[in-house]
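These notes are about the structure you will find just below.
Residue numbers (the numbering used here): 327 to 641.
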């Protein structure tokens, strides 16, 4: 009797699955290009991960190159400079997270309080524009602005202060990285929070106004708790990229003078893989970074799920 019941339940689930597929067939068809994109450009290239375990030779290709086991991982972990790049990566990422993560939230709260719709649209559009500039352009702009003969140092000299070599000073270069990263991304990052704020029940604001609450109290007790799930999910995704300090930005803005404080894992991999043609070694470093990122996202998601509930986590 029991096996018959189990088979019947399985049959019903299959029928239900096919029925849902038929019902949403147009949406499933629309998903096909996105699925193919990820398969072609994300999953198939994962085969290259085997380079980390092979003594890769260009003339022999991936399949023809002999296996090397964990040779390149041992080589990486025995290199003292590798640990310096990890430290730089984590420090820069934490600075960006500490100062850059709240920036779009605060900006979205401020934008939400603007009354004039036309003025609000203008401010939003202006704040979005830096996102569409490549780091090549942004790096060139700030290199000119912060050069010794640039407008910033000219202003400092005019006010009787000493000029600062922003792009070549180890003590301030990380600050430049954080500031430019915030400038480029806070407007675009606020879109998600503005969309979440738009979904907050307006009756709660009306009730708070009747009770005499001011704008700050509305934001603190209504808006922020209402968008907390979005904030938590963004925090999980941000922490999972703790080893992604921003290759495009740093590569276009740093120089050998500031390698000691700005050389990160990605620039280290770039020099190993492209400049020195050590493909297996650079793949081993990249694989290590990916595994650590996966561990971070699992750990942070688990912590947030325990503290804030399943609705605030990814799964």
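Ideal placement from N, C-alpha and C gives every residue a C-beta, glycine not left out.
All figures in this text were calculated on a predicted structure; none of them were measured in a lab.
With distances taken between CB atoms, is the gap from residue i to residue j smaller than 8 angstroms?
i: residue 526; j: residue 549; result: yes
i: residue 375; j: residue 609; result: yes
i: residue 451; j: residue 571; result: no
i: residue 607; j: residue 398; result: yes
i: residue 513; j: residue 456; result: yes
i: residue 523; j: residue 425; result: no
i: residue 428; j: residue 515; result: no
i: residue 520; j: residue 438; result: yes
i: residue 653; j: residue 468; result: An answer regarding residue 653 cannot be provided, because it is not within the stretch 327 to 641 covered by the chain.
i: residue 615; j: residue 569; result: yes
i: residue 558; j: residue 621; result: no
i: residue 382; j: residue 605; result: yes
i: residue 481; j: residue 453; result: no
Applying the 10 Å Cβ sphere with the 16-neighbour rule, what's the burial state of residue i?
i: residue 542; result: exposed
i: residue 611; result: buried
i: residue 479; result: buried
i: residue 598; result: buried
i: residue 347; result: exposed
i: residue 377; result: buried
i: residue 369; result: exposed
i: residue 544; result: buried
i: residue 367; result: exposed
i: residue 350; result: exposed
i: residue 328; result: In this predicted model, residue 328 has a pLDDT of only 47, less than 50, meaning its place in the structure is not dependable; the value taken from the coordinates is given anyway. Classification for residue 328: exposed.
i: residue 617; result: exposed
i: residue 580; result: buried
i: residue 553; result: buried
i: residue 391; result: buried
i: residue 547; result: exposed
i: residue 595; result: buried
i: residue 613; result: buried
i: residue 636; result: exposed
i: residue 402; result: buried
i: residue 497; result: exposed
i: residue 404; result: exposed
Give me the Cβ distance between residue i and residue j, rounded to the nearest whole Å; I'm assuming they're in contact under 8 angstroms.
i: residue 461; j: residue 589; result: That pair is no contact at about 17 angstroms.
i: residue 576; j: residue 503; result: 7 angstroms
i: residue 472; j: residue 493; result: 6 angstroms
i: residue 491; j: residue 474; result: 6 angstroms
i: residue 449; j: residue 435; result: Between residue 435 and residue 449 the Cβ distance is about 13 angstroms, and since that is not below 8 angstroms, they are no contact.
i: residue 538; j: residue 619; result: In fact, because the Cβ distance is near 47 angstroms, the residues do not count as touching under 8 angstroms.
Among the options, which one has its Cα closest to the Cα of residue i?
i: residue 628; options: 609, 474, 565, 445; result: 565
i: residue 697; options: 380, 358, 389, 537; result: There is simply no residue 697 to check, as the chain begins at 327 and stops at 641 in what is shown.
i: residue 560; options: 635, 401, 626; result: 626
i: residue 495; options: 601, 586, 372; result: 586
i: residue 499; options: 538, 483, 465; result: 465
i: residue 323; options: 633, 481, 482; result: No information on residue 323 is available, as it lies outside the stretch 327 to 641 that the chain covers here.
i: residue 470; options: 528, 578, 407, 601; result: 578
i: residue 603; options: 384, 361, 363; result: 384
i: residue 501; options: 532, 417, 444; result: 417
i: residue 623; options: 358, 485, 641; result: 641
i: residue 510; options: 372, 422, 361, 400; result: 422
i: residue 517; options: 446, 442, 484; result: 446
i: residue 373; options: 355, 388, 345; result: 388
How about residue i: is its C-beta nearer than 8 angstroms to some C-beta of chain E?
i: residue 558; result: The structure shown contains no chain E, having only a single protein chain.
- Which ranges does the beta strand (DSSP E) cover as unbroken runs of at least 3 residues, wholly within the stretch 561 to 616, from first to last along the chain? Within the stretch 561 to 616, no complete beta strand (DSSP E) run reaches 3 residues.
- Message: To test your reading of the DSSP string, which unbroken alpha helix (DSSP H) runs of 4 or more residues are found completely within the stretch 515 to 542?
- Response: Whole alpha helix (DSSP H) segments, 4+ residues: 528 to 536.
- Any alpha helix (DSSP H) of 4 or more consecutive residues that is wholly inside the stretch 380 to 444: The stretch 380 to 444 contains, as complete alpha helix (DSSP H) runs of 4+ residues, the segments 387 to 390, 397 to 403, 406 to 426, 428 to 438 (chain order).
- Can you list, in chain order, the stretches of the alpha helix (DSSP H) that have 4 or more residues and sit fully within the stretch 459 to 501? Counting only runs of 4 or more, we get 461 to 471, 477 to 484.
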